[in-house]
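Read the structure below first, then the notes.
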Amino acid sequence: MRLSSSVFALLCVMCEVLSIALFLRGFFPVPVKSSLSSESKASDLPAEPLTGSGTNSSESPGPVFRRVVIVLVDALREDFVFGSDGLRFMPYTRHVVERGSSHSFIAKARAPTVTMPRIKALTTGSIPGFIDVVMNLNSPALLEDNLIWQAKNAGKRIIFYGDDTWVRLFPKHFMEQDGTTSFFVSDYTEVDNNVTRHLDDTLKRDDWDILILHYLGLDHIGHISGPHSSLIGPKLTEMDDIMKKIHAALISKESEGTSPNLLVLCGDHGMTETGSHGGSSEPEINTPLVLISPAFRRRGGFEEPGVLEQVDLTPTLALGQGLPISKNSVGRLIPAVFEDLSLRDQLRFLQLNGHQLSCLLEDNNPTFHKEDGYELFRVAEKSHGSWMKLYMDGNTSEVLGNIGKKVLKQYLEALKAMSSALSKQLGKYDMYSMIMGMILVLQVLILLLLAMPEALSREAVVDIPLAASLFSLPFYLLCLLGSALHVLICTSAGGLCYLCSLPWVLVFALIILSSALMCALVAMAARRMPTSSKSPTKGSGWTLSELDVVLLVGTVGHTLSLASSSFIEEEHQTWYFLLNTLCLAVFQDVCRKYFSEQEEGGEEESFSSFSPAVELGMSVGSEKWLALATPLLTLTCCRLLRSLNHTGVQWAHLPDFGHWLNSGDHKMFLSLLGALSLALIFLLIQRHCSLVSKIALALGLLGVYSYRAAVGNVLFPWQHSSRTVSKGTVEARFVYVFVLGILFTGVKDLLRAQLTSSAGDGGRLKSRGLWEVYSGVVLLVALLFRAHNLPTLACCLLVQTVMAQFIWKRLHYDAAQTTIMHYWFGQAFFYFQGNSNNIGTVDISVGFVGLESYVEAPAVILTALSTYAGPLLWAFHLLCYLTSQRHRAVMGLGHGSYCFALLRSIPAVFYVVLVTGLRYHLFIWSVFSPKLLYEAMHTLVTTAVCVCFTFMDQDRSGRP
Amino acid sequence: MWDVEIRGMASAHAIIASSIFLATVIPAVFLENFSVYGTHMVWLYSVAGSVAVVNIAVFRLLGIIPPTKKNTLSFKINRLFRSCLYFLLSCLFYHTVVVLYGAPLLESALETFSLAVLLSTFTTLRCLCILGPNIQAWIRVFSRDGALSVWDTSLQITTGCSLVGAWLGAFPIPLDWDRPWQVWPVSCTLGATAGFLTGLLVAPVWIHWHRKLLTYKLK
Ligand SMILES: [Zn+2]
Ligand SMILES: [Zn+2]
Chain A
1 MRLSSSVFAL
11 LCVMCEVLSI
21 ALFLRGFFPV
31 PVKSSLSSES
41 KASDLPAEPL
51 TGSGTNSSES
61 PGPVFRRVVI
71 VLVDALREDF
81 VFGSDGLRFM
91 PYTRHVVERG
101 SSHSFIAKAR
111 APTVTMPRIK
121 ALTTGSIPGF
131 IDVVMNLNSP
141 ALLEDNLIWQ
151 AKNAGKRIIF
161 YGDDTWVRLF
171 PKHFMEQDGT
181 TSFFVSDYTE
191 VDNNVTRHLD
201 DTLKRDDWDI
211 LILHYLGLDH
221 IGHISGPHSS
231 LIGPKLTEMD
241 DIMKKIHAAL
251 ISKESEGTSP
261 NLLVLCGDHG
271 MTETGSHGGS
281 SEPEINTPLV
291 LISPAFRRRG
301 GFEEPGVLEQ
311 VDLTPTLALG
321 QGLPISKNSV
331 GRLIPAVFED
341 LSLRDQLRFL
351 QLNGHQLSCL
361 LEDNNPTFHK
371 EDGYELFRVA
381 EKSHGSWMKL
391 YMDGNTSEVL
401 GNIGKKVLKQ
411 YLEALKAMSS
421 ALSKQLGKYD
431 MYSMIMGMIL
441 VLQVLILLLL
451 AMPEALSREA
461 VVDIPLAASL
471 FSLPFYLLCL
481 LGSALHVLIC
491 TSAGGLCYLC
501 SLPWVLVFAL
511 IILSSALMCA
521 LVAMAARRMP
531 TSSKSPTKGS
541 GWTLSELDVV
551 LLVGTVGHTL
561 SLASSSFIEE
571 EHQTWYFLLN
581 TLCLAVFQDV
591 CRKYFSEQEE
601 GGEEESFSSF
611 SPAVELGMSV
621 GSEKWLALAT
631 PLLTLTCCRL
641 LRSLNHTGVQ
651 WAHLPDFGHW
661 LNSGDHKMFL
671 SLLGALSLAL
681 IFLLIQRHCS
691 LVSKIALALG
701 LLGVYSYRAA
711 VGNVLFPWQH
721 SSRTVSKGTV
731 EARFVYVFVL
741 GILFTGVKDL
751 LRAQLTSSAG
761 DGGRLKSRGL
771 WEVYSGVVLL
781 VALLFRAHNL
791 PTLACCLLVQ
801 TVMAQFIWKR
811 LHYDAAQTTI
821 MHYWFGQAFF
831 YFQGNSNNIG
841 TVDISVGFVG
851 LESYVEAPAV
861 ILTALSTYAG
871 PLLWAFHLLC
881 YLTSQRHRAV
891 MGLGHGSYCF
901 ALLRSIPAVF
911 YVVLVTGLRY
921 HLFIWSVFSP
931 KLLYEAMHTL
941 VTTAVCVCFT
951 FMDQDRSGRP
Chain B
1 MWDVEIRGMA
11 SAHAIIASSI
21 FLATVIPAVF
31 LENFSVYGTH
41 MVWLYSVAGS
51 VAVVNIAVFR
61 LLGIIPPTKK
71 NTLSFKINRL
81 FRSCLYFLLS
91 CLFYHTVVVL
101 YGAPLLESAL
111 ETFSLAVLLS
121 TFTTLRCLCI
131 LGPNIQAWIR
141 VFSRDGALSV
151 WDTSLQITTG
161 CSLVGAWLGA
171 FPIPLDWDRP
181 WQVWPVSCTL
191 GATAGFLTGL
201 LVAPVWIHWH
211 RKLLTYKLK
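From first to last, the protein sequence lines are chains A and B. Just so you know, full-length UniProt numbering puts 215 at position 215 of the first sequence, and the rest follows in order with no gaps. Just so you know, full-length UniProt numbering puts 152 at position 152 of the second sequence, and the rest follows in order with no gaps.
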């Protein structure tokens, strides 16, 4: 089968995306979920065990606590309360912890220690799977069974003040709510005052049952200046005063005869020594949990707080309020909270918790019968029954108490075992899918590598011996073997694998694909064999230039660097370093061209190729200096951009230029910089456009500025009073109209080029159409980028323009070299924008530009576009550049597309194999998994790029 | 004739290499709490100084420096002045390049400049010793197939090795191991020194190995 390079590359990348998707399905454990879709109801509760006949009530014991106040302080680290900071700044809370009627614990949060997943964990009691977090980056309403829903359903009146993540998660659950946005991280007083201002009024009232307060200020201080900043102390004192106020109000409301109130102080996650969070280091996961209620015994002094899981709070609160435990909760109740209840109630609570856990276990583990916890629970339930029988018989002796204690202990053990079995479920990998995905991905990579000489040849046509292999015996044998293995694995693994749950037609198609690839690979390798023995003699004439060495070493080095978690966290440094080296290598090439070869034949050079400088009205002499200045200009741009956004982990906390610009005092400067960047963008991009597009572009860029002004990022020169900040929907839509207009003009030109019969005319139209599409994309990106990132876009265009004019055209780099350079620039600009390999740096607010409310499809597309703006813009630039260079490199597009596919496949495939090997690494969830998602997403983006390349390359075959 | 030159170069390189070794050992005897990491700047300048002195001495004794027609005092002073200027310029050039590579602009500027001085000592100073302050000759040596003698080839190799060493030395910096040698610019200076030593070792061996292939235009 003969395919052109671009089609071949596209097919390979598509195949790769599919296999990576299969790998991801196996790699990310499916979250532990109950199979029943509905919420658990009080009527589903199990009966209290009672051997023999009698009235066994299926009622749950009534609520232990009347009112519950939950004070959730964002990023409250364990030592802020229990450590020396707590002693200094939270005297009242410490007093209650040491002497009051309270229980205190260290609650361990699970990674990712980010607010939203933590809120979900606290309310549902489940440990969100990693994939959940990514899927719900935009946090629509929480549909899983959760505590808030249960409370509302039971008629409890809930009031919420604080982080508006809650409001988005629980849209209609609160009787009263006031969400504060955590958008402006630099504000740490207003966010908390917005919560506290309601407090006095609310505490006086009697019409609520649950009050939830979520304070964000501490987290913001952490992000600004870390856990040892001088701002932390006053903030903790403020929180302490709030605790004091609430506690006093609760005590004053306390009256005889009613059940006691409960005050809970907790944190959603901690913070690292630099003030950030998200990973799974000790200071990030250890949060304090203080439960205060007159129902508890008074304490005699400070004891080391016990350690428990954060999700344990959920069943405790649910049972304490007399609510059913939410279905997917893996927590077990905190026994200390209920230790003063009657033994019967305690056992009943434990039984309810155990029942819920055992149901979850049954749903998620096909071999649940073999689990220790399940057995233990059955045993405990039986002894609970016999205890109940004694109890009902009116036995009140000491023996009854002792038996009861034993049952209690049995229950606790069972709960512990079941909870840990469920948590372990999260760490299980579906190795079958992973290995299948890995084999496919490896096969595609080897295919790409084997096809390199053909794909980069002058014809740019790859001949895959697919037909021959389809009719060979080994192919059928491999198919047979694959099917047999599939049946074997699926019968032995018991349906846990994703592939086994697929329809067999799909699986069989997969096996056929893999076997065919295998046969084709062997055939291609065999075809290469005889030539490879001759190649050394031929290869001696084939020398690598310094630039080639840099490109090769860089690609290999970067791929290998992915094996280290530090290099993944600091990947931007790798790319900046490589880009610098590339620029210096280019500089050396330029120097060589203009200095050492100037004596030899300068005339012949300028004769053979047209000179861009002459076109711009400059002499050849000044062109030499411009060419020499280009790499230096690029280097300077990169150095400046690098200090604009600090990303990564180690140096991310250092103050960067972007923070300085956004700090509010420098709005004037930011406005000036933004306006300048927009002007520069216009100047650089308008050259290739038609007049109509130029005007549309200018208006669109003005619209971008007015959008930023409306959102409050920048100032209008004539308007000094601080205007009310709006969402800027009108302005953004205004820009969208022009984006669509420019894109439409470009596409129209492209279509006309297809219809034009004369080749020269068609080529010109095509090139112009592409450039117009490109400028439309640039305008859209300008709208989406944050104001302080506009210089990044301007620099990107500047570097593209000068490099194309003076380097790529003049130095006769071939399509492959140009492509690799574009890829590197794209990668570097991905990080210049402020991205990193951490999910947290994805700017989700982009999804709301020009939209009144959250709409899934445009939000996802806009977010992806703005995140991958750097690589995409460079890839599009390459497309435009290669198309306009047709007279020189006819096969440029095919080569470019192939190189893109190869450059993406090498690190992706290496990483997939690596992650499989490192799946029990300590940092697998915090460092390696996010990077895996980024790699998968980047491969998907590359597929889109390859589609464009193939589309532009198509008419070559039609019009030879 | 070849063997003599190669042997001469090998011994010159051995002397330079041992000077680096001595510059590391001798201050430890005289100075208290001297260590490569702890008092890195002292070590750096002691190495740079000793390499500079030994280089100048060796090449003066060997008479590699191309003979000049004019031998007047003013010409010599002019030559010396130009050499110093070039050395300073090369330090500034390296400093700029290192800053472009991402070294902080203001803080630890002294450390960055010291690295630039060390790199200049390893590269520019040797060029000055062997070729003199003659830009045309430098361009010739560092363009492809431009070497005219074994010394030119050795210059290419040591310069390349020093720079590649410094380049590789930057790699461990992002690792979160918190080792003393990860502090800026320790790993880079160590890398450059290691690269330079490798270059000194490799140059005679490589030339010896390839002596059949090397065809210099005769002087
Ligand atoms: Zn938080
Ligand atoms: Zn935070």
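All C-beta atoms, glycine included, are put in the ideal place defined by N, C-alpha and C.
Limits of the unbroken beta strand (DSSP E) element including N286/A | N286 to I292
In or out: Y707/A buried (at least 16 other Cβ within 10 Å) or exposed?
-> buried
Closer than 9 Å, Cβ to any Cβ of chain B: which residues of the segment 281 to 298 of chain A, in chain order?
-> If the cut-off is 9 Å between Cβ atoms, the segment 281 to 298 of chain A has nothing near chain B.
Cβ-heavy atom distance between R77/A and ligand 1 below 7 Å?
-> no
Ligand 1 heavy atom lying under 7 Å from the CB of H384/A | no
Quick one: measure Cβ to Cβ for P174/B and F567/A, integer angstroms, because I've assumed they're closer than 8 Å.
-> Indeed, because the Cβ distance is near 6 Å, the residues count as touching under 8 Å.
A869/A to G155/A span [Cα, whole Å] | 49 Å
Using 7 Å as the cut-off, classify the Cβ of H269/A as near or not near the heavy atoms of ligand 1, replying yes or no.
-> yes
Proximal residues, the segment 172 to 185 of chain B versus chain A, C-beta separation under 9 Å = I173, P174, L175, D176 and W177
Is I6/B close to chain A, meaning its C-beta is less than 8 Å from at least one C-beta of that chain?
-> no
CB of T115/A to nearest heavy atom of ligand 1: below 7 Å?
-> yes
Near-chain B residues of the segment 107 to 129 of chain A - C-beta to any C-beta below 7 Å | Of all residues in the segment 107 to 129 of chain A, none has a Cβ within less than 7 Å of some Cβ in chain B.
Can you give me the start and stop residues for the alpha helix (DSSP H) that R25/A sits inside?
-> Start and end: S5 to F27.
Minimum length 4: unbroken alpha helix (DSSP H) runs contained in the segment 767 to 820 of chain A = 790 to 802
Say yes only if the C-beta of D163/A is nearer than 7 Å to one or more non-hydrogen atoms of ligand 2, and no if none qualify.
-> no
Members of the segment 87 to 100 of chain B that neighbour chain A once the beta carbon cut-off is set at 8 Å = Hits within the stretch, in order: V97, V99 and L100.
Neighbourhood of L115/B by C-beta distance below 7 Å, restricted to the same chain and skipping five residues each side | The residues are V98, P185, C188 and T189.
As assigned by DSSP and simplified to three states, the class of Y37/B = Note: Y37/B maps to coil in three-state DSSP.
Cβ-based contacts, 8 Å cut-off: residues of the segment 369 to 387 of chain A near chain B | none
To the nearest whole angstrom, what separates the beta carbons of L641/A and D589/A, a pair I think is in contact under 8 Å?
-> Going by Cβ atoms, the distance from L641/A to D589/A rounds to 23 Å, so no, they are not a contact pair.
Which full runs of the alpha helix (DSSP H) of 4+ residues lie inside the segment 858 to 885 of chain A, going along the chain?
-> 869 to 884
Three or more beta-carbon pairs under 8 Å between the segment 248 to 262 of chain A and the segment 84 to 92 of chain A, yes or no?
-> no
Give a yes or no on whether 8 Å exceeds the smallest Cβ distance from S35/B to chain A.
-> no
Starting from A170/B, find everything on chain E with Cβ-Cβ shorter than 8 Å and list it in chain order.
-> Of the protein chains in this structure, namely A and B, none is chain E.
Return no unless some Cβ of chain A is closer than 8 Å to the Cβ of G102/B.
-> yes
Check whether the Cβ of D749/A sits closer than 7 Å to any heavy atom of ligand 1, and report yes or no.
-> no
Looking only at C-alpha atoms, which of L470/A, F82/A, V487/A and Q754/A sits nearest to L513/A?
-> L470/A
Would you call the segment 672 to 679 of chain A and the segment 790 to 804 of chain A touching, i.e. three or more CB-CB distances under 8 Å?
-> yes
Proximity test, Cβ basis, 8 Å: S420/A and chain B = no
Assign A460/A to one of three DSSP states: helix, strand, or coil.
-> coil
Kindly examine ligand 1 and report whether one of its heavy atoms sits closer than 7 Å to the Cβ of D393/A.
-> no
Residue range of the alpha helix (DSSP H) that L343/A falls in?
-> Residues L343 to N364.
When the Cα atoms are used, what is the spatial distance from L22/A to G278/A?
-> Cα-Cα distance, rounded: 26 Å.
Looking at the structure shown, is Y215/A part of a helix, part of a strand, or coil, going by DSSP?
-> The answer is strand: DSSP assigns Y215/A an E or B state.
Contacts of N580/A in chain B (Cβ-Cβ under 9 Å) = V97, L100, Y101 and G102
Name, please, each residue of chain B whose Cβ falls closer than 8 Å to the Cβ of S564/A.
-> Within chain B, L175 have C-beta atoms less than 8 Å from the C-beta of S564/A, given in sequence order.
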